[in-house]
Amino acid sequence: MKKSFVAGVLLCAALSLPSYAVERIKDDNTEPLNAGASWGGGTAPAAADVAVWSNNLAGANSSALTNAVTWDGVRVLNPGGAVTITGSELLTLDGGAATDVNLASASQDLSLEVPVAMTNGMLTDVTSGRTLTFKGPLFIGSSGNWGRTGWGTVVFDGPVTSSVATTLELQRGTNIFTGKNGGLSFSSTTSGARIYVGRNAGSAATLIISNGVHDVRGINHEANANFVGVTATGTLLMEGGSLRLAYLRQAINGGNGSVTINNGTLEVTHGSDTPTLIGYAHMIGNNHTD
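All residue numbers for the sequence shown refer to the numbering used here, where the first residue is 200 and numbers rise by one.
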């Protein structure tokens, strides 16, 4: 009886163990990414797995998604050339990985030429000298902060949309919205939608709007102001197109913030709800500007 009891306990424990993310290593081929033949060991990444491009690849690699997939994350290490994911099927990154798109140690660039959906926790890390490009649509389905860290460059060619309370937190590096295939559109109807450019002490971030129409306006303007330079250095550079915000604060909490309009239009439509500040849509430090 004792042996049976112990075996039963061990079986129950085994069945209750949590599943951890597995790194699936890309093979040196161009088989569809949803097919096992594309990956080492013959198993394609599943919802609890991270897709990894490593020195297993001798050169640049462009592979397609021919069916929609959900992965924990994408990680680029040291392949022999740039990595491109193509196709019209949806790639969902479900937030299970610590970093959803991880180029923190990458030796090559990554281009996502597929529709991408980010759900749950969201973090993107791009190291200095590397570029991550979202060429297709990017859908953000999780409330909270979408952290963008690392000193590299992130380029958004396609539309970036969210209808939930989302903060695009550009902590570091250069971030470019080209407007080539669509613009930034955050339109929460229940709370706020906002951008931080430069966040956390010792960091610096730049947001460049080079073209296109971009709109970031949550319903709660006061509690969800847009910030350029929050305890850090932030730069907003308008080179073309238009950016419409509800409320803009610049150089906050000891931060340094600059806004430069070389071309295009920056429109701030509402401003503070604080009684003594109503009507002032742009504040520098703790001061309002007329």
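Cβ coordinates follow ideal geometry from the N, Cα and C atoms, glycine included.
Check                                                                                                                           : Outcome
Beta-carbon proximity list for T265, same chain, < 7 Å, skipping 5 on both sides                                                : P231, N233, G286 and E288
Endpoints, beta strand (DSSP E) assigned at W270                                                                                : V268 to W270
Cα-Cα separation between S402 and Q370, rounded to whole angstroms                                                              : 7 Å
Cβ-based burial, N260 [other Cβ within 10 Å; buried from 16]                                                                    : buried
Per-residue DSSP class, three states only, for A305                                                                             : coil
Sequence-distant residues of the same chain with beta carbon closer than 6 Å to D356, five excluded per side                    : K334, T377, K379 and N380
Nearest-angstrom Cα separation, counted from N301 out to R393                                                                   : 23 Å
Assigned secondary structure, S384 (DSSP; H/G/I helix, E/B strand, else coil)                                                   : strand
Contacts around L311, its chain only, beta-carbon distance under 6 Å, and the 5 residues preceding and following it disregarded : I284 and F333
Reference G397, options N452, V415, T360 and G440, closest by Cα                                                                : N452
Integer-rounded CB distance, given that W350 should sit under 8 Å from S327                                                     : 4 Å
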